[in-house]
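J.:
In the working numbering, the protein residues as written are 110 to 236.
(1) Given a threshold of 16 other Cβ atoms within 10 Å of its Cβ, counted over all protein chains shown, does residue 152 qualify as buried or as exposed?
(2) For residue 157, I'd like the list of residues in its chain whose CB is within less than 8 Å of its CB, leaving aside the five on either flank, ordered along the chain.
(3) With residue 145 and residue 163 assumed to form a contact (beta carbons below 8 Å), what rounded beta-carbon distance in angstroms separates them?
(4) Any beta carbon from chain B within less than 9 Å of residue 127's own beta carbon?
(5) Check whether the Cβ atoms of residue 132 and residue 220 lie closer than 9 Å to each other.
(6) Distance check for residue 201 and residue 117, CA to CA, integer angstroms please.
(7) So for residue 236, helix, strand or coil by DSSP?
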C-alpha cells in the first residue's frame, strides 16, 4: 500500500511479507528501503482483550512500538462497526515513517477487522 501525504506525494509503503503463521508487514521509505516491520499475533481472537501488532526494527526482536486494536466492550464490539486503535512509536521516529505507521494501522483495520465484519453481515442476511 502506498502512503501519501499530502495526496500525490509518496512518503512510504506498507508491504505484506508472507508468513504462514503470523501476519507480517514491512514499512518502507519513499525509495522502498525497509525501515521497520509490523508483526501480528498468531491467533487473533480479540475476545475480551486487545489485539496487538508489534512494531520492530528489521534486525531485532525487541519491540519499539505497537499498533493495538483496543477492546471496547461486548455491546460495542457486537452492535457497532466502530473500532478503537492505539499506536505507540519512538518520539524520534522520522515524521514520514510515523505517517506510514498510521497507514499501516488503517490497512490492518481493513484487512483483519472490516472485511470479516462485512462478510459476517452478508452471511447473516443470507441465512
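Note that CB positions come from ideal geometry on N, CA and C, so glycine has one too.
Here the structure is a predicted model, which means the values were calculated and not measured.
T.: So, from the listed chains and residues:
(1) As a first step, residue 152 must be located in the chain shown, where it is residue number 43. By the 10 Å Cβ count, residue 152 comes out exposed.
(2) The residue you call residue 157 lines up with position 48 of the chain shown. So the list reads 180 and 183, once near-sequence residues are dropped.
(3) In the chain shown, counting from the first residue as 1, residue 145 sits at position 36. In the chain shown, counting from the first residue as 1, residue 163 sits at position 54. 10 Å between Cβ atoms; not a contact.
(4) Any reference to chain B falls outside this structure, which holds one protein chain only.
(5) What you label residue 132 is simply residue 23 of the chain shown in a count that begins at 1. What you label residue 220 is simply residue 111 of the chain shown in a count that begins at 1. In contact: residue 132 and residue 220 (Cβ atoms closer than 9 Å).
(6) Walking along the chain shown from the start, residue 117 turns up at place 8. Walking along the chain shown from the start, residue 201 turns up at place 92. Within the model, the alpha-carbon separation for residue 117 versus residue 201 is close to 25 Å.
(7) For this step, residue 236 is matched to residue 127 along the chain shown. Since pLDDT at residue 236 reaches only 48, below the 50 mark, its modelled position is unreliable, and no value is offered.
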